[in-house]
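Using my numbering, you'd call the opening residue of the sequence shown number 167 and step up by one each time. Backbone N, C-alpha and C fix where the C-beta goes; we use that ideal spot for every residue, glycine too. Read through the structure below, which is laid out as structure tokens, and then see the notes.
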Amino acid sequence: MARDRTDEPEDAVLREVWRDVLRRDPHQQFFHSDVRGVLRSIGPVLVEHPEYVEVVGRLCEPERVIVFRIPWTDDAGRVRVHRGFRVQFNSALGPYKGGLRFAPSVDLDIIKFLGFEQVFKNALTGQDIGGAKGGADVDPKALSSGELMRFCQSFATELACHVGAAVDVPAGDMGVGSREIGWIYGQYQRLIGYHEPGAFTGKPAVLGGSALRPEATGYGVVYFTRRMLAEQDRDLDGARVVVSGSGNVALFAMDKVVASGGTVVGCSDSRGSISEPDGVDVELLREVKGQGGSVADYAEKRSGASTADGSPFTQECDVALPCATQNELGADEARALVQNGCRVVAEGANGPVTPEAREILRDGGVAFGPGKAANSGGVAVSALEMQQNAGRERWSAQDVDERLSVIMSDAYDRVRDAAERYHGDGADLENGANAAGFLRVAEAMTSLGVV
């Protein structure tokens, strides 16, 4: 990444931290982008809290980076090797907590970016959990069920000595669902020799997984969006909503949109997008996707749906929920959303809106909900799963949903209040999320001394 001095923070201390980040990791552009955003947000916080100045450099450096080899045997008997990662970024608030991602694009840059983001996201939930992220550079879609199980077991073998209920509690993420977590957890138990349900979250229900964990991120982003709309004296009832992606986050977000009276007028997957002004049939879409089909296959079954090769965010809508992957909504999509009257964009995925797109949305008067706040519902329910496991309890779906709604509403209040206090604009939720998350983590780090 070029060292453009226009990217540097104005504060001298923050500028020094930024240059250290560039010097240590000169090629980690995803990580740089997130660090830069945080440093730009926390200057006013440090004016009020100069005692937190010495924390910043430590906060931008992971406590521990673990990189390991994953050998496994495919169905043809060939030994294959992949690379695994676990970045334990910050444990000031509690045990490390964050998902595992299996995707060919996984590398140290992406995992550090996601781990840094997770520190702030977890802090904003109000729960006592630190931040981490992990994964491997494997394509789970290219593996048979038997191959994927063997891969998960080899992954768990290498990871086992670094995790545990009081140390680091992984969960699922892209390419890692409850099935894969079950296999990883099973191998972990074989290795440690005893039952420790709180060591992983996102487990199948029969293994102690929480009700609503698969739904949590999608539901949570809609709860956060409701609060954003309320600031504009609007709500989801009657709103036109576009959702990218067609995995758990996107599908459950669509469910909650429909339950709230909104209409999902467009969606997408990795093979294209569709527009359906009268509303997507979410159950039919879920059925088609469950059979390995695409949104184009779904559209063939619906007379009112039309397909396109590009982004779903070029059509008219009131709310846009990018729920697929990082950097999926760029400048062109942002301009289209502004032109077509979109009022709210809330990130259901991690970093789906590029920095340039965020500026365009702000300049166009579109409210922006950053992922570290808007999609924190998943880790919030993971923390609730940890509580249930610790108490050997099982809570109902209704109980978990009520707690999730409160957590997301409280997170919104923290973010908005910090935006107003430190940036003079309660609508600037990105700066508010960075400031509010930093405040909580910095207080904990200062209380622990220099560690």
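Take G470, set aside five residues on each side of it, and the residues of its chain with a beta-carbon closer than 6 Å to its own are E442, D444, in chain order. In the structure shown, A486 adopts extended strand secondary structure according to DSSP, grouped into three states.
Per DSSP, the beta-bridge partners of F534 are V511. Counting only runs of 3+ residues, the beta strand (DSSP E) found wholly inside the region 175-263 occupies 230-239, 245-256, in chain order. In the three-state scheme derived from DSSP, where H, G and I count as helix and E and B as strand, S562 is classed as coil. Secondary structure of I526 (DSSP, three-state): helix. Here M574 has G386, Y389, F390, G543 as same chain residues with Cβ atoms under 7 Å from its own Cβ, once five neighbours each way along the sequence are excluded.
Scanning the region 328-387 from its first residue to its last, the whole beta strand (DSSP E) runs of 3-plus residues come out as 334-338. Look at A539 here: in three-state DSSP terms it is helix. In the structure shown, the three-state DSSP call for K467 is coil. Between Y262 and V333 the beta-carbon gap is near 7 Å, inside 8 Å, which marks them as a contact. DSSP places A289 in no beta strand (DSSP E) but in the uninterrupted alpha helix (DSSP H) bounded by 274-290.
The closest CA to that of A377, considering only G250, R560, S472, is found on R560. At a Cβ-Cβ threshold of 9 Å, K538 and A599 count as neighbours. The straight-line gap separating the alpha-carbon atoms of H361 and A269 is approximately 29 Å. Annotation for L402: V388, T391, R392, L395, V423, S426, G427, G428, V485 place their beta carbon closer than 8 Å to its own, counting only its chain and skipping 5 residues before and after. Shown here for D463: same chain residues with a beta carbon closer than 7 Å to its own, the five before and five after excluded, namely V454 in chain order. In terms of Cβ geometry, G297 and V335 do not form a close pair [threshold 9 Å]. Assignment of I295 by DSSP, reduced to helix, strand and coil, places it in the coil class. Three or more Cβ pairs closer than 8 Å define a contact, and the region 503-517 falls short of that threshold against the region 222-239. Its Cα nearest to that of F255, the residue G265 stands out among V247, G265, R246.
About 14 Å separates the Cβ atoms of K287 and V253, ruling out a contact at the 8 Å cut-off.
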